[in-house]
Amino acid sequence: MSLPRLPLTKALALLVQIGTERPCGIGEFPKAADGQAATFPYSVLYSLPGDFSGPALFDWHADAAWTYQVTSVGTRDDQVQWLADRVRSVLVERSDGGWRHGLKVPNMVVTDRELTADVGTAPVDGSQGDIVSYAQRFTITVSPARSSC
4 MSLPRLPLTK ALALLVQIGT ERPCGIGEFP KAADGQAATF PYSVLYSLPG DFSGPALFDW
64 HADAAWTYQV TSVGTRDDQV QWLADRVRSV LVERSDGGWR HGLKVPNMVV TDRELTADVG
124 TAPVDGSQGD IVSYAQRFTI TVSPARSSC
């Protein structure tokens, strides 16, 4: 069995939300406290297929490289580019030999973060009004946390 993905997904969405100071939903648009859609701009985190290495998948010691897409959504091109710049900075910017923004996940050690695609802006179909999106893909590699036994 491999490491569970959900704790990483939740930690990543929280990091994007706190680091960008804008709402981030997991697989759907984020909601405000009243249950309505959050105000623009916001981001949506999607889980994409991942890769595994190391021992067999039934072994808890297998490493995992999971890919995520962060889609920044807004009403103007400059708005989503601004948010995408912040997402990129939060997830992959380094400082003093380490990540600028820590990513803490229970029972896991994040060993690598990589921007694998920066697609740029695209208008959405227009049925919801003037909406622009900006897609970025990141691969996050994790290993099981080592116990001190």
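Residues in the sequence shown are numbered consecutively from 4, following my numbering.
Where is the CB? At the ideal position from N, CA and C, for every residue including glycine.
If you draw a 10 Å sphere on the C-beta of Pro-44, you find 16 or more other C-beta atoms in it, and that means buried. Look at Thr-42 here: in three-state DSSP terms it is coil, with no helix or strand label. Glu-96 and Val-90 have their C-alpha atoms spaced approximately 10 Å apart.
Each of Val-112, Thr-78, Thr-12, Asp-121 was checked against the Cα of Pro-52, and the nearest Cα belongs to Thr-12. The C-alpha of Arg-103 lies about 7 Å from the C-alpha of Val-93. In this structure, Asp-80 places its C-beta atom within 8 Å of the C-beta atom of Thr-124.
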